[in-house]
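Colleague: Taken in order, these protein sequences are the chains called A and B. Just so we're aligned, residue 1 is where the first sequence starts under the working numbering, counting upward by one. Just so we're aligned, residue 1001 is where the second sequence starts under the working numbering, counting upward by one. Just so it is clear, CB atoms sit at the ideal spot from N, CA and C, and this is done for glycine as well. From a predicted model like this one, the values you see are computed outputs, not experimental measurements. The structure under discussion is supplied below as structure tokens; questions concerning it will follow.
2 protein chains.
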Amino acid sequence: MSSIKEIAKQVGISPASVSIYLSNKETNRVSAKTKALIDQAVTELNYHKNVFASSLSTHESKLIGVIIPTILPLFQNDYTNALLSGLQTRLSSFGYGLLFFPSSAQSSIAIVKEQLEKSAGCDGYVLFSTGFCTHEQIHRNIEEVGKTGKPFVTLNIPKVDEDVSQVLIDDLAQPSGARYLIDCGHTELLLVLGRQGGEHTRALQRNYKRLLQEYGIPYSPERVLYGEYSEETSYTLITNALTAMPQITGICCMSDIMAASAIRAAAATGRAVPRDISIIGRNDSIHARLSLPALTTIDLHMQQAGSGAANVLLDALDGSTASQKILLSGSLVERDSVRSLL
Amino acid sequence: MSSIKEIAKQVGISPASVSIYLSNKETNRVSAKTKALIDQAVTELNYHKNVFASSLSTHESKLIGVIIPTILPLFQNDYTNALLSGLQTRLSSFGYGLLFFPSSAQSSIAIVKEQLEKSAGCDGYVLFSTGFCTHEQIHRNIEEVGKTGKPFVTLNIPKVDEDVSQVLIDDLAQPSGARYLIDCGHTELLLVLGRQGGEHTRALQRNYKRLLQEYGIPYSPERVLYGEYSEETSYTLITNALTAMPQITGICCMSDIMAASAIRAAAATGRAVPRDISIIGRNDSIHARLSLPALTTIDLHMQQAGSGAANVLLDALDGSTASQKILLSGSLVERDSVRSLL
DNA sequence: ATAAATAAGTTAACCGGTTAACAAAGAACC
DNA sequence: GGTTCTTTGTTAACCGGTTAACTTATTTAT
């Protein structure tokens, strides 16, 4: 590893001059001749600036820490990937890199602590909430990240009172899909949720109950499934449910993956979609476009949420101290998996 | 941001002692009593070790740089995500974090250079190859990363002569799917490739030609499509191709996404899969399991490749200097999208 | 011709931790 | 009682870059 000193030695100047030039190529404190010599030495010695040394001095690392409290492998989840994608794209265009920390812990809170442990030095953080986080844990995690004193945004988190920047997706807790099915005349519904105990699931379920009440449709627990966002679990559960309850005409799923599984489950139990049964997904991920029939779904604008979070963070990094709350609404994407009964 | 000095001051000892304890809690150079005091101060002052300062001293950052030469948003690609997932999971369990650098450049080579520019200080690198990389660029990129002197692994890269560690997927360049279709009696084939010019696509195409020759099947360019790994592009191209060439009975796709699109295209042109037309995918991603009929596909074991790469890197980080080449074979996963004509 | 401004560069302290080398006090040993 | 070993620390240099303050030589202005 060549250092700034070696460059300086080769050119025959002081390390300071090299640093001055390298951190601002337009400086007029280094002559054109010397600049050229430095450039040459940089190439010859294959010099790359040590970010760590540099950050240590400048107190700026151009690195954002990503805190995702999950025990599942990363990069395997639709929601998170879309969010990350939007985030990365935007941050990257402002010169910021992303940092993912290791963690061997098992609980949401311990993971966050462990990841923060190794992260001091980042310019800011993005805190995700996942299907593993309970209400209580979300608050603790926000508090923990807050203690770093660095700017941060929370993402994919149910609305929270704390005075922190957050990008909220209005429809995250809204059973908009179910409402649409009801509006299309369906009353015999199946609701496929994520992970039992997770805050996302709980909030959605709460509002679903309220929705049924509003329409005077009875709520029955056996019509609520916990598919755990997994295609296998949801396929099995839905297949069983459809067999046990042939009167079902509409399935509202909390994710497109589970909705795609629902299509398969419908086929497995001899039903055609949407003729015999209507299915609605959520997220408008690629699965919605690929499945046959293509899924009617709620676009949660996850990618936009990611870039929105990046914007908020960028503002804070820029010195803005006010916490921002960005509210995104989901939108219905009508495709071919829902039939109106009216 | 509290520092080690503040801890030291509060406890009334030298910063060195704090550092000694904090970098090895089992040390016997600090008394139990002092240890407790330090722990207390750490909690009270909410101290987190500055990784950068620490790495600077120890020349170890526990951070791996991920170099992905693409201009597309990250985390939106099946292949890459599976690879990253395997990589992250394994590296994480050994305490390594992942670093993604920003880049605004447009060419594969410039991106790699720019990302390396900001990365000195990582303990090692993972170099991806993408559909954007030509043969020439892949070599240049390897050379560029090699110049850092840090251990690195190449991933998702067609076999390369250089003496560098690489995880190879044997089937990356093999038209195993096409061979299977032919073995099932299909001779009127459509090949759906990725991006024209990309090395992955080129290698596969070359070997596909050879395969047809081997079986005495004529090769015709209009039966080769460049779907660009995109569901829309491939859907349009395949729909058109099926309309123009009704004799086609088998479609071999370079990705599951394109295969899923092929199913939709088949439906759009009035064909049933696999009755009228057989379709085979590649990667065994979630799309293969979700589509209806479920896709017969080639499992490339991407996730395993990722963790394999992590292992190789871990070895190198551990001091092993020999470059390793890990060879993974793809395996056929038979589902419901291919019908035997024999 | 002289003062003031500019150009080009240097010195040295600092960022926050780490670690080799050293030190002082008490315990253990002969 | 003197020597050696432990225990529990400290000092100071260093990692690689940055930057305020300073210096010297050269222009420019008056």
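Please report the Cβ distance between residue 1337(B) and residue 1257(B), rounded to the nearest whole angstrom; I am assuming they are in contact, meaning their Cβ atoms lie under 8 Å.
Modeller: Contact doesn't hold; Cβ gap of about 14 Å is too wide.
Colleague: Helix, strand or coil, according to DSSP, for residue 1294(B) in the structure here?
Modeller: In the structure shown, residue 1294(B) sits in coil (DSSP, three-state: anything other than H, G, I, E or B).
Colleague: I'd like the ranges of any beta strand (DSSP E) spanning at least 3 consecutive residues and lying wholly in the segment 1181–1253 of chain B.
Modeller: Qualifying beta strand (DSSP E) stretches, in chain order: 1189–1193, 1224–1226, 1250–1253.
Colleague: For residue 277(A), name the three-state secondary structure that DSSP assigns.
Modeller: Looking at residue 277(A) - three-state DSSP - the assignment turns out to be coil, as it is neither helix nor strand.
Colleague: Which residues of chain B have a Cβ atom closer than 7 Å to the Cβ of residue 289(A), listed in chain order?
Modeller: Correct list: 1231.
Colleague: Whole alpha helix (DSSP H) runs in the segment 1087–1118 of chain B with 4 or more residues, listed along the chain?
Modeller: List check, alpha helix (DSSP H) in window: 1108–1117.
Colleague: Output, in sequence order along the chain, the residues in the segment 74–88 of chain A whose CB is closer than 7 Å to any CB in chain B.
Modeller: Per Cβ criterion, the list reads 74, 75, 76, 81, 84, 85, 88.
Colleague: To the nearest angstrom, how far is it from the Cα of residue 1004(B) to the Cα of residue 1049(B)?
Modeller: About 8 Å.
Colleague: Below 7 Å on C-beta distance, what does residue 1100(B) contact in chain A?
Modeller: Residues of chain A passing the Cβ test: 88, 97, 98.
Colleague: Relative to the C-alpha of residue 159(A), which candidate in 171(A), 152(A), 150(A), 149(A) has its C-alpha closest?
Modeller: If we check each option's Cα against that of residue 159(A), 171(A) comes out closest.
Colleague: Along the alpha helix (DSSP H) that carries residue 263(A), what are the first and last residues, could you check?
Modeller: Here the alpha helix (DSSP H) through residue 263(A) covers 256–268.
Colleague: Could you pull the start and end residues of the alpha helix (DSSP H) that residue 43(A) belongs to?
Modeller: From DSSP, the alpha helix (DSSP H) with residue 43(A) extends over 32–45.
Colleague: Under 6 Å Cβ to Cβ from residue 325(A), same chain only, skipping five residues before and after it: list those, please.
Modeller: Here the set comprises 166.
Colleague: In chain order, what residues of the segment 262–281 of chain A put their CB closer than 7 Å to some CB of chain B?
Modeller: Those would be 263, 264, 267, in chain order.
Colleague: Check whether chain A comes within 8 Å of residue 1117(B), counting only Cβ atoms and requiring the distance to be less than that.
Modeller: Cβ-Cβ to chain A under 8 Å: yes for residue 1117(B).
Colleague: Once DSSP output is grouped into helix, strand and coil, what is the label at residue 173(A)?
Modeller: Residue state, collapsed to three classes: helix.
Colleague: Answer yes or no: does any C-beta atom of chain A fall closer than 8 Å to that of residue 1255(B)?
Modeller: Not one chain A Cβ lies under 8 Å of residue 1255(B).
Colleague: Would residue 1130(B) and residue 1197(B) be called neighbours here (beta carbons separated by less than 8 Å)?
Modeller: For residue 1130(B) and residue 1197(B), no; Cβs fall outside 8 Å.
Colleague: Apart from the five residues just before and just after residue 15(A), which ones in its own chain have a Cβ nearer than 6 Å to its Cβ?
Modeller: Only 4, 5, 8 meet the Cβ criterion.
Colleague: So, helix, strand or coil for residue 282(A), using DSSP?
Modeller: Reduced to three states, the DSSP call for residue 282(A) is strand.
Colleague: Please check the pair residue 1227(B) and residue 1212(B), which I expect to be a contact at CB under 8 Å, by giving their CB distance rounded to whole angstroms.
Modeller: About 19 Å; that fails the 8 Å criterion.
Colleague: If you reduce the DSSP assignment to three classes, tell me which class residue 65(A) lands in.
Modeller: Residue state, collapsed to three classes: strand.
Colleague: Examine chain B for any beta-carbon lying closer than 8 Å to the beta-carbon of residue 241(A), and answer yes or no.
Modeller: Closer than 8 Å: no.
Colleague: Going along chain A in order, which residues have a C-beta closer than 9 Å to the C-beta of residue 1225(B)?
Modeller: Those within 9 Å of residue 1225(B) in chain A number zero; the least Cβ separation is about 17 Å.
Colleague: Where does residue 49(A) sit, in a helix, a strand or coil, going by DSSP?
Modeller: Three-state result, residue 49(A): coil.
Colleague: Ends of the alpha helix (DSSP H) at residue 124(A)?
Modeller: Residue 124(A) -> not in any alpha helix (DSSP H); beta strand (DSSP E) instead, spanning 124–128.
Colleague: Measuring CA to CA, which of 1011(B), 1058(B), 1062(B) is closest to residue 1035(B)?
Modeller: With distances taken between Cα atoms, residue 1035(B) lies closest to 1011(B).
Colleague: If you follow the alpha helix (DSSP H) that residue 20(A) is in, where does it begin and where does it stop?
Modeller: Its alpha helix (DSSP H) spans residues 15–23.
Colleague: Which residues in chain B have a C-beta closer than 7 Å to the C-beta of residue 121(A)? List them in chain order.
Modeller: Ordered by position in chain B, the residues that pass the 7 Å Cβ test against residue 121(A) are 1050, 1051, 1052.
Colleague: Could you tell me the alpha carbon to alpha carbon distance between residue 222(A) and residue 239(A), rounded to whole angstroms?
Modeller: Whole-angstrom Cα-Cα distance: 13 Å.
Colleague: With a threshold of 8 Å between beta-carbons, can residue 8(A) be considered close to chain B, or not?
Modeller: No - not a single Cβ of chain B is within 8 Å of the one on residue 8(A).
Colleague: Between which two residues does the alpha helix (DSSP H) holding residue 307(A) run?
Modeller: Residues 302–317.
Colleague: Below 9 Å on C-beta distance, what does residue 1248(B) contact in chain A?
Modeller: Correct list: empty, because the minimum Cβ distance to chain A is about 19 Å.
Colleague: Measuring CB to CB, does residue 1300(B) end up less than 8 Å from residue 1282(B)?
Modeller: It is a contact, given that the beta carbons lie within the stated cut-off.
Colleague: At a cut of 8 Å, does the segment 1184–1194 of chain B reach the segment 1248–1262 of chain B through at least three beta carbon pairs?
Modeller: As far as the Cβ criterion goes, the segment 1184–1194 of chain B touches the segment 1248–1262 of chain B, which means the pair count is three or higher.
Colleague: State yes or no: is the beta carbon of residue 1286(B) nearer than 8 Å to at least one beta carbon in chain A?
Modeller: True, the Cβ-Cβ gap to chain A drops below 8 Å.
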